[in-house]
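> Per our numbering, numbering of the sequence shown is gapless, rising by one per residue and ending at 621.
Take this structure, written in structure tokens, and hold onto it; I'll ask about it next.
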Amino acid sequence: MALTAGGRQPDREALRRRLAVALSGFSGTESSARRGLDDRCAGVRSAALSALAHRGALAAADLTGALADPTPEVRAHAAELAAGRRDVDLAGALGDGVARVVEAAAWACGEHPAPAPAIVSRLCEIATSHPEGLCRETAVAALGAIGDEEGLAAVLTATRDRATVRRRAVLALAAFSGPEVDEALERAAEDRDWQVRQAAEDLR
């Protein structure tokens, strides 16, 4: 029998339940998928979320519960599935202690048509101070997608971050205008990273 990455034998029963729940997104009943939300296996719970989403039956309460799941992978998946939904509050996920969850929540907030001011404020904090570069990068991208003027200062700050964040920040500047933006683009056009320079040239 093949071993998992952790050196343990896979739980065949859990795999069976996960497959059954996943298939319920295409056939069977909604109740079959919904039962998976309370499964002891995180993989099954995550599959249940996907199945309900595929059926168009994923309720706000389902996502809210999953955002409080003890397993980070489930919380991150719930955050991703909450993208663009007005009925799910992602503020807590943006403050999660696991970077993967924060990243997923930041991306989802960028897909929201009109996030609350508190969400924009939290994205600004992540973009400028989160210890994980990928979280800062994703938050900057979200601020650019949202285009709220309250996010401009954070995006400008991010143009001085590490290269991957700088590139994302320059692209995010497309949503803004003004002398500060022009100055940042001029500086980025001389950046030591060629992708940052290219992004700046494309926007000038």
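Glycine included, each C-beta is placed from N, C-alpha and C at the ideal position.
Looking only at C-alpha atoms, which of 542, 442, 514, 463 sits nearest to residue 573?
Sequence index remark: in the sequence shown, residue 573 carries index 156 (1-based). Checking every option, the nearest Cα to that of residue 573 belongs to 542.
> Should residue 468 be labelled buried (16 or more other beta-carbon atoms within 10 Å of its own) or exposed?
In the sequence shown, counting from the first residue as 1, residue 468 sits at position 51. Answer is buried; the Cβ neighbour count reaches 16.
> Are the beta-carbon atoms belonging to residue 463 and residue 497 less than 8 Å from one another?
Mapped onto the sequence shown, residue 463 falls at position 46. Mapped onto the sequence shown, residue 497 falls at position 80. Contact flag unset, no.
> Alpha carbon to alpha carbon, what distance is there between residue 536 and residue 587?
Numbered from 1 along the sequence shown, position 170 holds the residue referred to as residue 587. Numbered from 1 along the sequence shown, position 119 holds the residue referred to as residue 536. Rounded to the nearest angstrom, the two C-alpha atoms are 21 Å apart.
> May I ask which residues mark the beginning and end of the alpha helix (DSSP H) holding residue 471?
Along the sequence shown, one-based indexing puts residue 471 at 54. Note, residue 471: alpha helix (DSSP H), 459–472.
> Among 506, 519, 560, 472, whose alpha-carbon lies nearest the alpha-carbon of residue 493?
Here the question's residue 493 lines up with position 76 in the sequence shown. For the residues 506, 519, 560, 472, the minimum Cα distance to residue 493 belongs to 519.
> Taking its Cβ as the centre, do 16 or more other Cβ atoms sit within 10 Å of residue 446, making it buried, or is it exposed?
Working through the sequence shown from its first residue, we reach residue 446 at position 29. It counts as exposed.
> Whose C-beta lies closer than 8 Å to the C-beta of residue 434 among residues of the same chain, with five residues either side of it excluded?
Start at 1 with the first residue of the sequence shown, and residue 434 comes out as number 17. So the list reads 453, 456, 458, 461, once near-sequence residues are dropped.
> Where does residue 453 fall in DSSP's three states?
Residue 453 sits at position 36 when you count from the first residue of the sequence shown. DSSP places residue 453 in helix when its eight states are reduced to three.
> Between the C-alpha atoms of residue 598 and residue 560, what's the straight-line distance to the nearest angstrom?
Translated into positions along the sequence shown, residue 598 becomes position 181. Translated into positions along the sequence shown, residue 560 becomes position 143. So the two alpha carbons sit approximately 14 Å from each other.
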